[in-house]
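Visitor:
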Amino acid sequence: MRGAAEWKFVFAEQTRKIMLTEAIELTLFPAVMAFAACSDLLTMTIANRISLILAGGFVLLAVMAGMSATDIGWHFAAGGAVLVATFVMFSCGWIGGGDAKLAAATALWLGFAHLFDYLVYASLLGGALTLALIQFRMLPLPSPLVGRAWIERLHRRGGGVPYGIALAAAALLIYPHTQWMTASGL
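Here the working numbering = 1-based position in the sequence shown + 1051.
Structure (structure tokens):
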């Protein structure tokens, strides 16, 4: 039979685990997505470590939250399906490699339950971003912005589109509706 001190210790450990799980749910995914968007805006690259942090964070959180192996498998299937589709798009030159990996890592977190909505939002936001960049590139660059490499890169006609911004924004629109946030009661 457990004594009062042992029960307090067990309760304290459970409370710490719950608080850590909730802290990861609330911060890791949104912070990494915001970083990915900023990185793509400023450098037109999304480093591999961003996708690796998302994948590792998913595994850690899934285990900590007690997600079943079957559910984890389905999340990996969603990520894998997106990786295959985006690899084809990358091979055709339609998107960058960082975008492909970011979309797949995001799908890992969202699973099939939110994948369709994510893809629709990412497409709409990506289209709006592309149209905005086309308009921006048609205008002369204001003199206070001349000399800033990242703005000149965005302004260059025929330049790429930092699609990671659209991918991250779509993910952040969907994330509050996922099991990660609803499990926290938020």
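Even glycine gets a Cβ: it sits at the ideal position worked out from N, Cα and C.
So Leu-1153 packs on Gly-1215, CB below 8 Å; how close in whole Å?
Guide: Leu-1153 to Gly-1215, Cβ: 6 Å. Contact.
Visitor: So, is Met-1070 buried or exposed, given that buried needs 16 or more other C-beta atoms within 10 angstroms?
Guide: By the neighbour-count rule (16 or more Cβ atoms within 10 Å), Met-1070 is not buried but exposed.
Visitor: Let me know the secondary structure DSSP gives Arg-1100 once reduced to three states.
Guide: In this structure, Arg-1100 counts as helix in the three-state DSSP scheme.
Visitor: For Ala-1116, which three-state DSSP category applies?
Guide: Note: Ala-1116 maps to coil in three-state DSSP.
Visitor: Any idea if Pro-1213 is buried or exposed, counting beta-carbon neighbours within 10 angstroms, 16 or more meaning buried?
Guide: Pro-1213 comes out buried.
Visitor: Could you name the residues of the same chain whose beta carbon sits closer than 7 Å to that of Ala-1085, not counting the 5 residues immediately before and after it, in chain order?
Guide: Taken in chain order, the residues that qualify are Ala-1219.
Visitor: So what's Val-1197 in DSSP terms, helix, strand or just coil?
Guide: Correct three-state label for Val-1197: coil.
Visitor: Relative to the C-alpha of Phe-1163, which candidate in Arg-1199, Ala-1128 and Gly-1149 has its C-alpha closest?
Guide: The shortest C-alpha separation from Phe-1163 is found at Ala-1128.
Visitor: Considering just the uninterrupted stretch of the alpha helix (DSSP H) at Met-1095, what are its terminal residues?
Guide: Met-1095 -> no alpha helix (DSSP H), and no H or E assigned at all.
Visitor: Straight-line CA distance for Thr-1233 to Leu-1170?
Guide: C-alpha separation (whole angstroms): 21 Å.
Visitor: Should Glu-1076 be labelled buried (16 or more other beta-carbon atoms within 10 Å of its own) or exposed?
Guide: Classification of Glu-1076: buried, given that the 10 Å Cβ count is 16 or more.
Visitor: Does the structure place the stretch 1140-1151 close enough to the stretch 1081-1099 that three or more beta carbon pairs sit under 8 Å?
Guide: Yes, the stretch 1081-1099 touches the stretch 1140-1151.
Visitor: Whole angstroms is fine: what's the gap from Arg-1204's alpha carbon to Ser-1090's?
Guide: If you take the alpha carbons of Arg-1204 and Ser-1090, they lie about 13 Å apart.
Visitor: DSSP three-state label for Leu-1190, please.
Guide: Leu-1190: coil per DSSP, three-state reduction.
Visitor: How is Arg-1204 classed by DSSP in three states: helix, strand or coil?
Guide: DSSP places Arg-1204 in helix when its eight states are reduced to three.
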